[in-house]
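Working notes, beginning with the structure itself.
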Amino acid sequence: MREFPNIFVTVGTTQFSGLINALNSDEMTSALEHVRCKKLTIQCGNQDMPLNEQTTSIHRVIYNYRPSIEEDIRMADLVISHAGAGTCIDVLRQRKPLIVVVNDTLMHNHQIELAEQLGTEGALVHCIPATLPETLKTFDTANLKPHLQGDPMNFVRELDKLMGFN
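For what it's worth, this note's numbering labels the leading residue of the sequence shown as 18, then goes sequentially.
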């Protein structure tokens, strides 16, 4: 079992009540204790974080927004995130283990496509809020593969072809 003493959770710039509610569940507290989490930092976005009344030794740091979450990502042993492309790429660039939680209440949810593709590539594990505690308990970084960044010149070459510059 891998230990994750410092976990960072981000919901992004909007509301993701499913993830916030999952974080306050008894099952999630048990999962956090299972992976020996000591500090849980939560960026809760445009919503209030309900007070967790459970008795636990896990220190919680909660905030709505910061100018940058780069430091939180860098300090984390594990990141749990919404499925936004920018956040996923930021976390993978820092080579941090990543669990992406897909908002299963959204209509026309394009974010699930990104999560599924990166999951297929082995770069991350994805779940929905209801399955987050079990996903965390069984999360194994040995199954992850480094995310290979694309070559930006591929885009330039394709654009040049399209514009007839080749």
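C-beta: ideal position from N, C-alpha, C; glycine also.
Reducing DSSP to helix, strand and coil, say where arginine 19 ends up. Along the sequence shown, read from residue 1 onward, the residue named residue 19 stands at position 2. Here arginine 19 sits in coil by DSSP.
Cut-off 7 Å between Cβ atoms - residues of its own chain near valine 142, not counting five sequence neighbours on either side: Within the sequence shown, numbered from 1, the residue matching residue 142 stands at position 125. Within the same chain, valine 142 has close Cβ partners Ile116, Gly136, Thr152 and Phe156.
Can you find the residues in the same chain that come closer than 6 Å, C-beta to C-beta, to leucine 49, ignoring five residues on each side of it along the sequence? For the purposes of this step, residue 49 is identified with residue 32 of the sequence shown, where counting begins at 1. Excluding positions up to five away in sequence, the list reads Ile75.
So what does phenylalanine 25 bridge to, in DSSP terms? In the sequence shown, counting from the first residue as 1, residue 25 sits at position 8. DSSP, once it has assigned bridges, lists Thr58 and Val96 as partnering phenylalanine 25.
Assign serine 85 to one of two classes, buried (16 or more other C-beta atoms within 10 Å of its C-beta) or exposed (fewer than that). On the sequence shown, residue 85 is found 68 positions in, with the first residue counted as 1. By the neighbour-count rule (16 or more Cβ atoms within 10 Å), serine 85 is not buried but exposed.
Can you find a CB in chain B that lies within less than 8 Å of the CB of cysteine 61? The structure shown contains no chain B; it is built from a single protein chain.
How about lysine 56 and isoleucine 90: do their beta carbons lie closer than 8 Å? Counting from 1 along the sequence shown, the entry for residue 56 is found at position 39. Counting from 1 along the sequence shown, the entry for residue 90 is found at position 73. Result no, Cβ atoms of lysine 56 and isoleucine 90 do not sit closer than 8 Å.
Measuring alpha carbon to alpha carbon, tell me which residue in Glu87, Asn63, Lys178 and Lys162 is nearest valine 28. Here residue 28 corresponds to residue number 11 of the sequence shown, with the count starting at 1. Nearest option by C-alpha distance: Asn63.
Alpha carbon to alpha carbon, what distance is there between glutamate 87 and serine 42? As a working mapping, residue 42 is identified with position 25 in the sequence shown. As a working mapping, residue 87 is identified with position 70 in the sequence shown. Their backbone Cα atoms lie some 27 Å apart in a straight line.
Leaving out five residues before and five after alanine 93 in sequence, what residues of the same chain have Cβ atoms less than 7 Å from its Cβ? Residue 93 sits at position 76 when you count from the first residue of the sequence shown. Here the set comprises Asn23, Ile24, Phe25 and Lys113.
I need the straight-line Cα distance from threonine 72 to serine 47, nearest angstrom please. As a working note, residue 72 is residue 55 in the sequence shown. As a working note, residue 47 is residue 30 in the sequence shown. Whole-angstrom Cα-Cα distance: 11 Å.
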